[in-house]
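**Student:** Quick one: the structure is below, and I'll ask about it shortly.
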Amino acid sequence: MTGPKLNEGALLVGDRRTTKATARYLRGSASKARVVLDLIRGVDVRRADEILQFTTRDAARDVRKVLASAVANAVHNDAQDADELYVLAAFADEGPTLKRFRPRARGRASRIRKRTSHITIVVARLSDARLEVVQARQQASSPTARRRAGSTAQSRAERVQRSRTRAESLRDGDSTAEDTITDADTTDESVTDVVETEAVDTDTDTEDTEIQGFADVAEADTETTEADDSAEADA
Numbered sequence: 362m363t364g365p366k367l368n369e370g371a372l373l374v375g376d377r378r379t380t381k382a383t384a385r386y387l388r389g390s391a392s393k394a395r396v397v398l399d400l401i402r403g404v405d406v407r408r409a410d411e412i413l414q415f416t417t418r419d420a421a422r423d424v425r426k427v428l429a430s431a432v433a434n435a436v437h438n439d440a441q442d443a444d445e446l447y448v449l450a451a452f453a454d455e456g457p458t459l460k461r462f463r464p465r466a467r468g469r470a471s472r473i474r475k476r477t478s479h480i481t482i483v484v485a486r487l488s489d490a491r492l493e494v495v496q497a498r499q500q501a502s503s504p505t506a507r508r509r510a511g512s513t514a515q516s517r518a519e520r521v522q523r524s525r526t527r528a529e530s531l532r533d534g535d536s537t538a539e540d541t542i543t544d545a546d547t548t549d550e551s552v553t554d555v556v557e558t559e560a561v562d563t564d565t566d567t568e569d570t571e572i573q574g575f576a577d578v579a580e581a582d583t584e585t586t587e588a589d590d591s592a593e594a595d596a
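Below is the structure:
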């Protein structure tokens with residue numbers, strides 16, 4: 362990088378005030394961090410935070426922490442408004458390399474280089490012209506966002522109400538079905554009792570008939586025996 366960096370050296374008289382935050386000895390190469398830093402350079406801090414939040418690279422997590430630290434420094438130390446800040450500069454420098462080795466065949470070893478980096482983010486206040494543009498864009502998008510949020514909340518409430526109504530109707534239907542099943546079981550038990558009672562009565566009548574038949578047969582045998590005895594006596 363040619364020339365002094367934006368956070369080094371004395372600032373010119375009348376130049377805008379800047380605030381920086383630095384994270385040193387972060388695990389990860391500087392080349393990978395620079396890919397993420399290129400996404401947020403020159404962007405307002407709100408938009409930059411959204412970009413970092415949905416970036417899939419691992420370095421985005423560390424860069425987002427550094428950005429939050431820079432914004433906090435500007436708010437608490439320099440009395441700046443967070444909504445009026447943007448990323449003036451963002452760069453990554455190489456840190457010390459941790460040297461490790463991996464065992465290889467025949468007693469050899471291959472070197473492992475664990476890279477580290479130093480990440481620096483500089484934030485500054487937006488110019489008046491650009492600040493007006495940003496505020497106008499936010500005001501234009503706010504009603505739409507509010508309507509969208511309101512419609513989303515309303516639709517969610519309607520879905521919840523429909524789900525509750527469906528659950529209550531199903532619960533009432535289950536109770537009615539259970540009552541119907543109970544009545545049917547009671548009716549079946551009553552019919553079974555009546556059938557069993559009729560079967561018992563039928564069995565009793567059958568037994569009485571059989572007993573009466575046996576009695577008639579016995580009487581007939583007795584009469585036959587008496588007739589035979591009378592015939593023999595006459596003879």
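Position in the sequence shown (first residue = 1) + 361 = the working numbering.
C-beta atoms are modelled at their ideal positions from N, C-alpha and C, and glycine is treated no differently.
1. How would you label L487, buried or exposed, when you count the other beta carbons within 10 angstroms and need 16 or more for buried?
2. Just to confirm the assignment, what range does the beta strand (DSSP E) spanning R461 have?
3. Could you please give me the residues that DSSP links to S478 through a beta bridge?
4. In angstroms, rounded to a whole number, what distance separates the CA positions of G403 and S471?
5. Leaving out five residues before and five after Q496 in sequence, what residues of the same chain have Cβ atoms less than 8 Å from its Cβ?
6. Taking the alpha helix (DSSP H) that R408 belongs to, which residues open and close that run?
7. Once the 5 residues before and after E445 are set aside, which same chain residues still bring their CB inside 8 Å of it?
8. In the DSSP assignment, find the unbroken alpha helix (DSSP H) run with S430 in it and report its ends.
9. Report buried or exposed for T380, applying the criterion of at least 16 other Cβ atoms within 10 angstroms of its Cβ.
10. Assign T526 to buried or exposed, taking buried as 16 or more other Cβ atoms, counted over all protein chains shown, within 10 Å of its Cβ.
11. Where does T481 land, buried or exposed, given buried means 16+ other C-beta within 10 angstroms?
12. Count the other CB atoms within 10 Å of the CB of I473; is the residue buried (16 or more) or exposed (fewer)?
13. Based on the DSSP output, what are the partners of I473 in its beta bridges?
14. Just how far apart, CA to CA, sit D399 and R465?
15. Taking the alpha carbon of S392 as the reference point, which residue from D410, R476, V436, R463 has its own alpha carbon closest?
16. Quick one: is R378 buried, meaning 16 or more other Cβ sit within 10 Å of its Cβ, or exposed?
17. Quick one: using the 10 Å Cβ neighbour count with 16 as the cut-off for buried, is Y447 buried or exposed?
18. Going by DSSP in three states, T526 sits in which element: helix, strand or coil?
19. Exposed or buried, which one is R408 when buried takes at least 16 other CB atoms within 10 Å?
20. For R402, name the three-state secondary structure that DSSP assigns.
21. State yes or no: is the C-beta of A394 within less than 7 Å of the C-beta of V427?
22. Report yes if the CB atom of S430 is closer than 7 Å to the CB atom of G456, and no otherwise.
23. Compare the Cα-Cα distances from F452 to each of S516, R388, A528, V396 and report the closest residue.
24. Given this structure, state the Cα-to-Cα distance separating S516 from S530, to the nearest angstrom.
**Tutor:** Result, derived from the coordinates:
1. Numbered from its first residue, the sequence shown carries residue 487 at position 126. L487 is buried by the Cβ-count criterion.
2. By one-based count along the sequence shown, residue 461 stands at place 100. Counting along the chain, the beta strand (DSSP E) containing R461 begins and ends at 459-464.
3. Counted from its first residue, the sequence shown places residue 478 at position 117. Paired residue(s): L387, E455.
4. Position 42 of the sequence shown holds residue 403. Position 110 of the sequence shown holds residue 471. Those two C-alpha atoms are separated by around 41 Å.
5. Looking up residue 496 in the sequence shown gives position 135. So no residue of the chain qualifies.
6. Mapped onto the sequence shown, residue 408 falls at position 47. That run of the alpha helix (DSSP H) goes 406-414.
7. Here residue 445 is taken as the residue at index 84 of the sequence shown, counted from 1. Around E445: R486, L487, L492.
8. On the sequence shown, position 69 is the one that residue 430 refers to. Looking at the DSSP string, the run of the alpha helix (DSSP H) that includes S430 is 420-438.
9. Here residue 380 refers to the residue found at position 19 of the sequence shown. Flag for T380 reads buried.
10. Here residue 526 refers to the residue found at position 165 when the sequence shown is read from its first residue. T526 comes out exposed.
11. Walking along the sequence shown from the start, residue 481 turns up at place 120. T481 should be labelled buried.
12. Here residue 473 corresponds to residue number 112 of the sequence shown, with the count starting at 1. Label assigned to I473: exposed.
13. Within the sequence shown, residue 473 is the residue found at index 112, counting from 1. DSSP lists R461 as partners of I473.
14. The residue you call residue 399 lines up with position 38 of the sequence shown. The residue you call residue 465 lines up with position 104 of the sequence shown. Approximately 38 Å between the Cα atoms of the pair.
15. In the sequence shown, the residue the question calls residue 392 occupies position 31. For S392, the nearest C-alpha among the options comes from R476.
16. Residue mapping note: residue 378 aligns to position 17 of the sequence shown, counting from 1. Classification of R378: exposed, given that the 10 Å Cβ count is below 16.
17. If you number the sequence shown from 1, residue 447 lands on position 86. Per the 10 Å Cβ criterion, buried.
18. Residue mapping note: residue 526 aligns to position 165 of the sequence shown, counting from 1. It is helical.
19. Residue mapping note: residue 408 aligns to position 47 of the sequence shown, counting from 1. Exposed, since its Cβ has fewer than 16 Cβ neighbours within 10 Å.
20. Numbered from its first residue, the sequence shown carries residue 402 at position 41. In this structure, R402 counts as coil in the three-state DSSP scheme.
21. Reading the sequence shown from its first residue, position 33 is the one you call residue 394. Reading the sequence shown from its first residue, position 66 is the one you call residue 427. Going by C-beta atoms, A394 is not nearer than 7 Å to V427.
22. The residue given as residue 430 occupies position 69 in the sequence shown. The residue given as residue 456 occupies position 95 in the sequence shown. Not closer than 7 Å, so no.
23. For the purposes of this step, residue 452 is taken as the residue at position 91 of the sequence shown. If we check each option's Cα against that of F452, V396 comes out closest.
24. Taking the sequence shown and counting its residues from 1, the one referred to as residue 516 is at position 155. Taking the sequence shown and counting its residues from 1, the one referred to as residue 530 is at position 169. One C-alpha to the other measures close to 21 Å.
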